[in-house]
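J.: Those sequence lines, one after another, are chains A and B.
To convert, note that position 173 of the first sequence is 173 in the numbering used here; the numbers rise steadily by one, no gaps.
To convert, note that position 133 of the second sequence is 476 in the numbering used here; the numbers rise steadily by one, no gaps.
Below is the structure I would like to discuss, written out as structure tokens.
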Amino acid sequence: MTSSKQALAHSASSADAAPGEQPGAAGRAHGRGTPPEPGPGSWRSKLYRWDMKASPYAFISPFFIVFGAFSLVPLLYTAWYSLHNVQLSDLDGQSWAGLKNYENLLSSDFFWNSLWVTFTIGVISTVPQLLMAIGLAHLLNYKLRGSVVWRVVMLTPYATSVAAATLVFVLLYSWDGGMINWMLGFVGIDPVNWTESDWGSKFAVSTIVIWRWTGYNALIYLAAMQAIPADLYESAAIDGANRWQQFLHVTIPQLRPTILFTVVVSTIGATQLFGEPLLFGGVSGSKGGSGHQFQTLGLYMYDQGWIIGNLGKASAIAWSMFLILLIVAAVNLLISRRLRKSQ
Amino acid sequence: MTATQLTPPQTGKKPPSRRERKRVMGAGKQLHAGPVTYVVLTLFALVSLAPLVWTAIAASRTNARLAQTPPPLWFGGNLFKNLETAWEEAGLGTAMVNSVIVAGTITVATVLFSTLAGFAFAKLRFKFSNVLLLLTIGTMMVPPQLAVVPLYLWMADLGWSNQLQTVVLPTLVTAFGVFFMRQYLVQALPTELIEAARVDGASSLRIVWHVVFPAARPAMAVLGLLTFVFAWNDFLWPIIALNQENPTVQVALNSLGTGYVPDQSVIMAGALLGTLPLLIAFLLFGKQIVGGIMQGAIKG
Chain A
1 MTSSKQALAH SASSADAAPG EQPGAAGRAH GRGTPPEPGP GSWRSKLYRW DMKASPYAFI
61 SPFFIVFGAF SLVPLLYTAW YSLHNVQLSD LDGQSWAGLK NYENLLSSDF FWNSLWVTFT
121 IGVISTVPQL LMAIGLAHLL NYKLRGSVVW RVVMLTPYAT SVAAATLVFV LLYSWDGGMI
181 NWMLGFVGID PVNWTESDWG SKFAVSTIVI WRWTGYNALI YLAAMQAIPA DLYESAAIDG
241 ANRWQQFLHV TIPQLRPTIL FTVVVSTIGA TQLFGEPLLF GGVSGSKGGS GHQFQTLGLY
301 MYDQGWIIGN LGKASAIAWS MFLILLIVAA VNLLISRRLR KSQ
Chain B
344 MTATQLTPPQ TGKKPPSRRE RKRVMGAGKQ LHAGPVTYVV LTLFALVSLA PLVWTAIAAS
404 RTNARLAQTP PPLWFGGNLF KNLETAWEEA GLGTAMVNSV IVAGTITVAT VLFSTLAGFA
464 FAKLRFKFSN VLLLLTIGTM MVPPQLAVVP LYLWMADLGW SNQLQTVVLP TLVTAFGVFF
524 MRQYLVQALP TELIEAARVD GASSLRIVWH VVFPAARPAM AVLGLLTFVF AWNDFLWPII
584 ALNQENPTVQ VALNSLGTGY VPDQSVIMAG ALLGTLPLLI AFLLFGKQIV GGIMQGAIKG
């Protein structure tokens, strides 16, 4: 908050200086409060009015141009390509395929497998991550020594790239000589084959996601917690609620919109999961392991499009992902409506 | 999206009395942390930092040593040799330069365009502004995967495969950036200032330069840091758009990881090098980045 106050002071002083710098500025001749127009029809006032009308659109246009050119138009083209036979090896030789790509998908075991993998990894990475983040935020919300240091440390994994983080976890999870199996040995657990086993590999990929994003989500929750009015806690305390009850009956309900927000964002992230499983698989990365056990939808699309070279099918996968996201968003909306009604 | 209402913690009415509040269990909002809190936080901090520290340890050993049990828990003497090998094998020199160019361009453009658009949405009145703002926020729902195939085909058509502008162009400005700047400027920029400048006959560009940019500076810095982190770490599009001859750092790391005869200590050295620039930035600006995420969170 102090920074915004500084900004205020700063902008105030520079704004005062601004009109003075204008040679023969209209402001000096007319004084504040008088419109600058010498006459209603002069080109100066026309220019002024045109500026007032056009500049907002000019200011927002870069975003819409970039979004339009590099997201919206491609999105439609992806739909177009998904109805065509487009091969990476023969980009000019495109031919109409109708719904063949989609039929291929629906009859492909690998597609359903990747859907299942995306769903399971999404759940086992998102749920613990958000639960831990709430707990962590609750702890960070206490008066702490070196509170900034704690927050920065919790956020360091966020600064680590998917590639770097995954390469480290590959080594930590390696079958022999790996840190994790070695430590499991101490508590008497047999080594797990983290890259080949079905659930082991899914769990391993999830931990990379959890490691990178828990601190980030904790900060989002912390920000929301700090905005909860203190008197809510006071009245709860006067009613005899202990700390745990306060957390349950004051903090959590107040966080509801933020929780919903993080659930939506994490769900979108989980649907698009790509880098972690790709690198976790090493040489067989785009297949999601030898048995496709961690081939997410994102990986399946990359594999079909750029390894196998069927860009038409990859487009169909991309559109299926979009439809799934829309369904998830709709379900989310329904749930949040329900929650609001029951409140 | 879901906008959390920001209510200032202090309310106008006077609390009963300090002593009264303290008497009631847990009344004050900012409770002091007990030892259990510190223990749990320390554990979390260790889990957060350990993989990074261990990357450095592994990078300082030999491949043979990494395959043995127990894994090395302290530094060896092979660090510089591994760093050198990783640097050469993955072409990290080119990759670093490329990543700086890509992330730098994306950052400057995003901050500039987001501030302009954020200002327009926060303070200017124009037709359809609400609809356009909703549309902007809505675009965050569109996954990047949906654009990848046509973009790849077009860039190939233009002869831009494997060139850096291919990576830069689609991310010159983000919906998050626009929304972030809007939320900041709604509060930080008094409308009277703009009106006063208008009355003085200042053009919109002049207002942007002399009023908006100075007011937005703290948020621009934070957005710049967040954008740089994002652009440096971006993976999906660069790996499709670029090949091994002209990689970003992440693409180069991927090539290290998918080698058929992987030398793990060299891979760790590469991972260390690829992360180092951001870790240094994090040490210097960690506080601002944390503040920025929290700020974006409250209002977003």
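All C-beta atoms, glycine included, are put in the ideal place defined by N, C-alpha and C.
With a threshold of 7 Å between beta carbons, is B/Met368 in contact with chain A?
T.: Legend: pLDDT at B/Met368 = 45, less than 50; position of this residue unreliable, no value from coordinates given.
J.: Quick check: B/Val572 and A/Ala159, are their CB atoms within less than 7 Å of each other?
T.: yes
J.: Is B/Ala465 close to chain A? Criterion is C-beta to C-beta, closer than 7 Å.
T.: At a cut-off of 7 Å between beta-carbon atoms, B/Ala465 makes no contact with chain A.
J.: Based on the DSSP output, what are the partners of A/Trp96 in its beta bridges?
T.: A/His84
J.: Got a sec? Which residues, its chain only, sit under 6 Å from A/Gly275 by beta carbon, not counting five neighbours each side?
T.: Cβ-Cβ distances below 6 Å link A/Gly275 to Val162 in the same chain, with the five nearest sequence neighbours on each side left out; the list follows chain order.
J.: Less than 7 Å between CB atoms is the rule here; does A/Asp51 satisfy it with respect to chain B?
T.: yes
J.: Kindly indicate which residue of B/Leu619, B/Ala574, B/Ala376 and B/Asp606 has the alpha-carbon position closest to the one of A/Val170.
T.: Residue B/Asp606 holds the alpha-carbon nearest to the alpha-carbon of A/Val170 among B/Leu619, B/Ala574, B/Ala376 and B/Asp606.
J.: Buried or exposed for B/Pro581, please, with buried defined as at least 16 other CB atoms from any protein chain shown within 10 angstroms of its CB.
T.: It counts as buried.
J.: Taking Cβ-Cβ distances below 9 Å as the criterion, which residues of the stretch 594-608 of chain B are in contact with chain A?
T.: Val594, Ala595, Leu596, Asn597, Leu599, Gly600, Thr601, Gly602, Tyr603, Pro605 and Gln607
J.: If we require 3 or more residues per run, which beta strand (DSSP E) segments fall completely within the stretch 267-337 of chain A?
T.: none
J.: So what does DSSP say about A/Asp90, is it helix, strand or coil?
T.: In the three-state scheme derived from DSSP, where H, G and I count as helix and E and B as strand, A/Asp90 is classed as strand.
J.: Within 10 angstroms of the Cβ of A/Trp213, are there 16 or more other Cβ atoms? Answer buried if so, exposed if not.
T.: buried
J.: Which stretch, first to last residue, makes up the alpha helix (DSSP H) that contains B/Leu374?
T.: Here B/Leu374 belongs to no alpha helix (DSSP H), and DSSP marks it neither H nor E.
J.: If you count every other CB in all the chains shown that lies within 10 Å of the CB of A/Trp50, and 16 or more means buried, which is it?
T.: exposed
J.: Closer than 7 Å by C-beta to A/Ala224: which residues in its own chain qualify, once you throw out the five before and the five after it? Chain order, please.
T.: Leu255 and Thr258
J.: How far does the alpha helix (DSSP H) with B/Phe469 in it extend, from its first residue to its last?
T.: Where B/Phe469 is concerned, there is no enclosing alpha helix (DSSP H), given that its DSSP letter is neither H nor E.
J.: From the DSSP secondary-structure annotation, give me the bridge partner or partners of A/Lys143.
T.: B/His375
J.: What does a CB cutoff of less than 7 Å around B/Gln631 pick up in its chain, not counting 5 residues either side in sequence?
T.: Ala564, Val565 and Leu568
J.: How would you list, in chain order, the residues of chain A whose beta-carbon sits under 7 Å from the beta-carbon of B/Ile610?
T.: Leu167
J.: Hey, could you find the ends of the alpha helix (DSSP H) B/Met524 is sitting in?
T.: Ala518 to Ala531
J.: Taking any Cβ of chain B, which residues in the stretch 306-329 of chain A have a Cβ under 9 Å from it, in chain order?
T.: Trp306, Leu311, Gly312, Ala314, Ser315, Ile317, Ala318, Trp319, Met321, Phe322, Leu325, Leu326 and Ala329
J.: Quick one: Cα of A/Pro157 to Cα of A/Thr207, how far?
T.: 12 Å
J.: Please classify B/Leu568: does DSSP put it in a helix, a strand, or coil?
T.: Of the three classes helix, strand and coil, the one that applies to B/Leu568 here is helix, per DSSP.
J.: Answer with buried or exposed for B/Lys357, where buried requires no fewer than 16 other C-beta atoms within 10 angstroms of its C-beta.
T.: Only weak support exists for where B/Lys357 lies, its pLDDT of 48 falling under 50; the value from the coordinates is given anyway. B/Lys357 comes out exposed.
J.: Find the nearest neighbour of B/Leu494 within the set A/Ala330, A/Gln295, A/Val328 and A/Leu311, judged by alpha-carbon distance.
T.: A/Leu311
J.: Would A/Leu339 pass as an interface residue toward chain B - the criterion being a Cβ-Cβ separation below 7 Å?
T.: no
J.: Using 8 Å as the cut-off, can you tell me whether the stretch 578-592 of chain B makes contact with the stretch 542-550 of chain B, which would need three or more C-beta pairs spanning the two stretches below that distance?
T.: No: the two stretches stay apart, fewer than three of their Cβ pairs being nearer than 8 Å.
J.: Could you tell me if B/Leu386 is buried or exposed, where buried requires 16 or more neighbouring beta carbons within 10 angstroms of its beta carbon?
T.: exposed
J.: If you count every other CB in all the chains shown that lies within 10 Å of the CB of B/Gln508, and 16 or more means buried, which is it?
T.: exposed
J.: Drop a sphere of 10 angstroms on the beta-carbon of A/Met183, count the other beta-carbons inside from all chains shown, and report buried for 16 or more, exposed for fewer.
T.: exposed
J.: Sorted by chain position, which residues of the same chain lie with C-beta nearer than 6 Å to B/Leu596's C-beta, five sequence neighbours on each side aside?
T.: The residues are Gly613 and Gly617.
J.: Does DSSP put B/Gly419 in a helix, a strand or coil?
T.: In the structure shown, B/Gly419 adopts coil according to DSSP, grouped into three states.
J.: Could you pull the start and end residues of the alpha helix (DSSP H) that A/Gln245 belongs to?
T.: Segment Arg243 to Gln246, the alpha helix (DSSP H) holding A/Gln245.
J.: At the 7 Å Cβ level, is A/Ser342 part of the contact set with chain B, yes or no?
T.: For A/Ser342, the answer is no, since every Cβ of chain B falls outside 7 Å of its Cβ.
J.: At a Cβ threshold of 7 Å, is A/Leu115 touching chain B?
T.: no
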